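In what follows, a single structure is set out as structure tokens and then discussed.
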Amino acid sequence: MAHLAVNACLAPICSMHGLAVTTVEGIGSTKTKLHPVQERLAKAHGSQCGFCTPGIVMSMYALLRSLPGKPTMKDMEVALQGNLCRCTGYRPILEGFKTFTEEWERDRLTNGTNGINGSVQNGNGVCAMGENCCKNKKPGDEEEKEELFSPSEFTPYDKSQEPTFPPELQLNDTYDKEYLQIRGPRATWYRPQTLTQLLELKAKFPEAKLVVGNSEIGVEVKFKKFFYPVLIQPSLIPELTQPRVEENGVWIGGATSLNDMRAILSEQIEKLPSHKSRVYVAIVEMLHWFAGNQIRNVAAIGGNIMTGSPISDMNPILMAARCRLLLESKAEGTREVTMDGSFYTSYRKNIVRPDEVLRAIYIPHTAETQYFKAYKQARRRDDDIAIVNAAFNVTLDIQSDGAVVKDCEFAFGGMAPTTVLAKKTTEQMINKPWNQSLLEDTWRNLMADLPLDHSAPGGMIQYRRSLTLSLFYKFYIAVSVDTQVTPISSRDKSGAQTFHTLPTKSSQYFQVVPSTQAKSDLVGRPIVHASAFKQATGEAIYCDDIPKYQTELYLAFVVSSKPHAKILSVDPSAALAMEGVRGWVDERDVPGQKNYVGGIIHDDVIFARDVVTCVGQPIGGVIAEDQLIAQRAAALVKVTYEELPAIFSIQEAIEHKSFFNLEPSVYGRGNVDEEFLKVDHILEGEVSVGGQEHFYLETNVSVAVPKLEDGCMEIFVSSQHPSEIQEMTAHALGVPSNRIVAKTKRLGGGFGGKELIFSAETMGHHVAQFLKLDYADFARSNLFVTGNLTHYNQVLEHCTLGRCFEQVHESGKYKERRKQCEEFNRVNVELTPQRVGNEYWSICSQDACSKLNERLKPYKEKNPTGKWQDWVKAAFFDRTSLAATGYFKTPDIGYDMKKNEGAIFNYFGYGASVSEVEIDCLTGDHQVRATEIVMDVGESLNPAIDVGQVEGAFMQGYGLYVMEELMFSPSGVLYTRGPGTYKIPGFADIPAEFNVSLLKGAPNPRAVYSSKAVGEPPLLLASSVYFAIRDAIDAYRKQELGREDYYRLDSPATPAKIRLLCEDSITKEFPAPEPGSYKPWNISIQ
1071 MAHLAVNACL APICSMHGLA VTTVEGIGST KTKLHPVQER LAKAHGSQCG
1121 FCTPGIVMSM YALLRSLPGK PTMKDMEVAL QGNLCRCTGY RPILEGFKTF
1171 TEEWERDRLT NGTNGINGSV QNGNGVCAMG ENCCKNKKPG DEEEKEELFS
1221 PSEFTPYDKS QEPTFPPELQ LNDTYDKEYL QIRGPRATWY RPQTLTQLLE
1271 LKAKFPEAKL VVGNSEIGVE VKFKKFFYPV LIQPSLIPEL TQPRVEENGV
1321 WIGGATSLND MRAILSEQIE KLPSHKSRVY VAIVEMLHWF AGNQIRNVAA
1371 IGGNIMTGSP ISDMNPILMA ARCRLLLESK AEGTREVTMD GSFYTSYRKN
1421 IVRPDEVLRA IYIPHTAETQ YFKAYKQARR RDDDIAIVNA AFNVTLDIQS
1471 DGAVVKDCEF AFGGMAPTTV LAKKTTEQMI NKPWNQSLLE DTWRNLMADL
1521 PLDHSAPGGM IQYRRSLTLS LFYKFYIAVS VDTQVTPISS RDKSGAQTFH
1571 TLPTKSSQYF QVVPSTQAKS DLVGRPIVHA SAFKQATGEA IYCDDIPKYQ
1621 TELYLAFVVS SKPHAKILSV DPSAALAMEG VRGWVDERDV PGQKNYVGGI
1671 IHDDVIFARD VVTCVGQPIG GVIAEDQLIA QRAAALVKVT YEELPAIFSI
1721 QEAIEHKSFF NLEPSVYGRG NVDEEFLKVD HILEGEVSVG GQEHFYLETN
1771 VSVAVPKLED GCMEIFVSSQ HPSEIQEMTA HALGVPSNRI VAKTKRLGGG
1821 FGGKELIFSA ETMGHHVAQF LKLDYADFAR SNLFVTGNLT HYNQVLEHCT
1871 LGRCFEQVHE SGKYKERRKQ CEEFNRVNVE LTPQRVGNEY WSICSQDACS
1921 KLNERLKPYK EKNPTGKWQD WVKAAFFDRT SLAATGYFKT PDIGYDMKKN
1971 EGAIFNYFGY GASVSEVEID CLTGDHQVRA TEIVMDVGES LNPAIDVGQV
2021 EGAFMQGYGL YVMEELMFSP SGVLYTRGPG TYKIPGFADI PAEFNVSLLK
2071 GAPNPRAVYS SKAVGEPPLL LASSVYFAIR DAIDAYRKQE LGREDYYRLD
2121 SPATPAKIRL LCEDSITKEF PAPEPGSYKP WNISIQ
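No gaps in the numbering here: position 233 of the sequence shown is 1303 in the working numbering, and each next residue is one more.
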């Protein structure tokens, strides 16, 4: 019996026949009892917006149910690969779930620790708290611990209390033996029981699709609008699911899931001599990086082969290993083919006939002197598609004076429309000595074997071509070290290594409330937020969870496919002819000024009128009985255009003098030109920050409920600004605002960011480099202090930037880490101080509460031992109003732009961070080894929330500065839409050591309870990772190239940019083409 986590959005309902489906609502409830997984995630503060929480809960739950004992940290890492979170920064989720693991239990029993943060609470270990260890506390010191949660409060996990598998399914296999045929209005689903039945179906329906995991077909149907009338599920056919072990290899059934294949091959690795299992090791290692665990649980190896993606992670391995495929059809019987250079005929096409099925794959053993490895480079290591991948297979004739190549096969993905073999290269290698000369010859031959046009899909041409050589170099080093047939310097040996997820540890420091504070006073205590338990149980209601109204209709937008064009005609007739379509709306339904909306200035339109100004701009909407009908109908609407010249970048806008007709905002002090005449040096540079998709996990959806009286309407909306939704809706409908009620219960993500300060940091680093100063010393001498004036003439009060800087400098061990960096010349560190402005508006709530408390005061004095209910009841019978409205206006705010005087901000937030990174100069990959943050949040209202906000903001900033890249087509179409192509940081991307301190003793007199807002500001601190990467590149260029020149590195600092800046003999082979000499596949819009 297996418990598997799967993606519900991809699991066909027909495939669930005979299975038991467990959802987050089925394992625990706030109304009955929470499951320990739900409880620990919530109490560890691992849920913020909560939209991702059910999926994370179920991944961990499935892991616990699938193992006989406790999971390891590695098990947990793998289980969570397919989950994403935008809010938490992942650390609290891992801390809560650590308490289920073997390591935590062993640490608790052996060393007397609580297992959290690696800190010792008892025993003889060394405490991570240092001088703040509880052992150093004196009697009378704070009684409460400096911890965000206590594992001792967790309900013990008892596997025997889990729900049993449904007896009717366990005792009866009727459902499993059924030949299933389910007919729908558009498609038919078949589930044959025997190979004969499957072959008969394929003979009858040769174009039918075989579905196992639905990971490819589901995406095609849902997003690419493909239609397959016949679908066949072969997952119960023994010949396609059962392995067969032979003397020289293993047959894997075509419908075997990737995780089942991993288990089969792992067993062989344990049994066989190490030299025989090198292909199996390569497959198992690659499967770790292949998609997420939820996909690997159901996706089949046969589907991966037949789909034929040119960036498949498995196909290069299977082709380099010369695996054989067993094909079978009703008409022709069986035949074997080799996965060689002729197997794939074109993009996603192969030699398998339509009536044939892939029955099994034969994966051979390796010989004693046969060496096999596979590599993959992606934007994100876990759960991402490859940019380039490769597999190398070499057999050597090892002699006393060296080795000669007897046989070899190299396969590459991401270099052509199909996975390709480098046949000319490998032919030239035969009978050649395995030495430096062979390496250089192979590089030259690979360049000829793997050409790539500068207009090729995927872009990054220089980087991809350089990767083919770099990956072979890694293989060359690994084989040379393993065989010792060619000397490799100790310094170069590290080139064979690739990054793997490091063990994590973390600490969180904050001001503990004094022992004199009443237990009922929750201010300053780490309290679980109000919705956490509902989010962990799936009971929290988001817009899409609202039950469907009986008369509900769905609107699907028809959007522009052009960046700038006149609309010549719009024809919705085909859509309106569809059954279930109720109507069409466009700009004629919101005539005149009603069509114009906007946040501050109403300069946008609801529906395009005459002209479209971007790809994706709404033109109209199809209204239908449900979502599927509406979306299918929207695809039938015909729009004709007359294209107009389009402007995509700021540079193009300046060139064409395309500006907003607004008065510019100018902040200035002094005369820049005069000052430049006085200085000794003038530095010039340019840097840009790419855009970032905020990537709210909740889909954009609203529910509008007309009240059929006086134009009233109730709107449930996923928006941080319901009052603006109310105003704009009333404007569009032509009714007073009081007729519209906009409600926001909760949001599935809501986060913004600042990007401007990054430019100032870059300037500072440029100056420090020019002056040959350590940036920390340069920054220290240029920090803001209390009394300084900003460039807009605001006086800084209570400035704690210096304290943040010095504390993170010490706690982050900056000098020690810097010294280590200089010694190893590959691990680098950077310290970044930040100052940002923010406003806090919760004083309105405080104002209202103060009024209510004042009204209740007489009743509390009259009945001091009473309860809240007693005081409220007494006030009610006295007809004392217990409704209050709070109003607040930030004091002393008022800036005159023309005079450049006055205060813009109520107060400022301050913080500093230090990060240590390691880069791979051959691939451009990197790993964050440590990050230390000190953040001034005033006196924290809830340290758990504030620490979580700091970590979440940091990780979103990490994505902004080093990972998340928006890619557009030359015609303005955004390529990177959704998690398949746009990559945000995952669990494996957090710093291996992640420490956060909330600055103590820094009250803010200008906000509620002396606190400060802390949501977006810590995002800026992630630039410390960017500058640490830059520092690592500097070290490489200085040591390897003797260069200390300044270079441009735009954000995000992707692997491609890092690799091309680490110039060597490989990158020099692929110079950048002249602009205008080709049409690029993508453009950068900064």
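C-beta: ideal position from N, C-alpha, C; glycine also.
Note that the structure is a prediction, hence the values are computed from the model and not measured.
Straight-line CA distance for residue i to residue j?
{"i": "P1343", "j": "H1087", "result": "42 Å"}
{"i": "L1268", "j": "E1109", "result": "46 Å"}
{"i": "A2083", "j": "Q1554", "result": "59 Å"}
{"i": "E1510", "j": "S1881", "result": "47 Å"}
{"i": "E1426", "j": "P1276", "result": "8 Å"}
{"i": "R1314", "j": "W1321", "result": "5 Å"}
{"i": "F1603", "j": "Y1131", "result": "16 Å"}
{"i": "V1811", "j": "A1800", "result": "10 Å"}
{"i": "Q1663", "j": "P1776", "result": "22 Å"}
{"i": "C1991", "j": "R2107", "result": "10 Å"}
{"i": "A1849", "j": "G1834", "result": "8 Å"}
{"i": "E1609", "j": "L1397", "result": "48 Å"}
{"i": "S2067", "j": "K1748", "result": "42 Å"}
Skipping 5 residues on each side, what residues in its chain have a beta carbon closer than 6 Å to that of residue i?
{"i": "Y1929", "result": "W1941, A1944 and A1945"}
{"i": "A2092", "result": "F2024, G2027, Y2028 and Y2031"}
{"i": "C1084", "result": "I1252 and W1259"}
{"i": "A1982", "result": "C1874, F1875, V1878, P1903 and V2004"}
{"i": "N1863", "result": "N1970 and E1971"}
Buried or exposed for residue i, going by 16 or more other Cβ atoms inside 10 Å?
{"i": "D1071", "result": "Per the sequence shown, residue 1071 should be read as Met rather than Asp. With fewer than 16 other Cβ atoms within 10 Å, it is exposed."}
{"i": "P1237", "result": "exposed"}
{"i": "V1897", "result": "Note on V1897: pLDDT 42, under 50, position unreliable in the model; no value is reported."}
{"i": "L1357", "result": "buried"}
{"i": "L1241", "result": "exposed"}
{"i": "C1613", "result": "buried"}
{"i": "R1905", "result": "With a pLDDT of only 41 at R1905, under the threshold of 50, the placement of this residue in the model should not be trusted; the figure read from the coordinates follows. Answer is buried; the Cβ neighbour count reaches 16."}
{"i": "M1146", "result": "buried"}
{"i": "N1852", "result": "exposed"}
{"i": "C1478", "result": "buried"}
{"i": "E1317", "result": "exposed"}
{"i": "C1919", "result": "exposed"}
{"i": "E2021", "result": "buried"}
{"i": "T1870", "result": "buried"}
Among the residues of its own chain, which have a CB less than 7 Å from the CB of residue i, if the five just before and after it don't count?
{"i": "L1646", "result": "W1654"}
{"i": "L1922", "result": "L1952 and A1954"}
{"i": "I2099", "result": "V1987, I1989, H1996, V2032, A2123 and I2128"}
{"i": "G1288", "result": "L1080"}
Which residue's Cα is closest to the Cα of residue i: the options?
{"i": "A1325", "options": "L1395, K1346 and S1382", "result": "L1395"}
{"i": "G1738", "options": "V1582, V1458, H1801 and L1859", "result": "L1859"}
{"i": "P2049", "options": "D1145, Q1118, E1768 and H1868", "result": "E1768"}
{"i": "I1785", "options": "F1545, L1778, G1669 and Q1796", "result": "Q1796"}
{"i": "K1889", "options": "A2105, D2006 and E1713", "result": "A2105"}
{"i": "K1636", "options": "A1644, F1978 and L1714", "result": "L1714"}
{"i": "D1962", "options": "K1502, E1712, I1126 and V1865", "result": "V1865"}
{"i": "N1808", "options": "M1783, Q1790, G1691 and S1829", "result": "M1783"}
Using a Cβ-Cβ cutoff of less than 8 Å, which residues in the same chain neighbour residue i once the five nearest sequence positions on both sides are dropped?
{"i": "N1933", "result": "D1940, W1941 and A1944"}
{"i": "F1224", "result": "P1106, E1109, R1110, K1113 and T1169"}
{"i": "Y1245", "result": "H1087, G1088 and L1239"}
{"i": "T1489", "result": "G1378, P1380, S1382, N1385, P1386, M1389, Y1414, A1481, F1482 and G1483"}
- Would you be able to state if there are at least three C-beta pairs under 8 Å between the segment 2114-2123 and the segment 2005-2019? They do not touch, by the three-pair rule.
- Query: Is the segment 1381-1389 touching the segment 1452-1461, taking contact as three or more C-beta pairs under 8 Å?
  - Reply: Between the segment 1381-1389 and the segment 1452-1461 there are three or more inter-stretch CB-CB distances shorter than 8 Å, so the stretches are counted as touching.
- Between the segment 1624-1639 and the segment 1690-1703, do at least 3 Cβ pairs fall closer than 8 Å? Because the criterion of three Cβ pairs below 8 Å is met, the segment 1624-1639 and the segment 1690-1703 touch.
- Message: With three or more beta-carbon pairs closer than 8 Å as the criterion, would you say the segment 1292-1302 touches the segment 1364-1375?
- Response: At 8 Å Cβ cutoff, the stretches do not touch.
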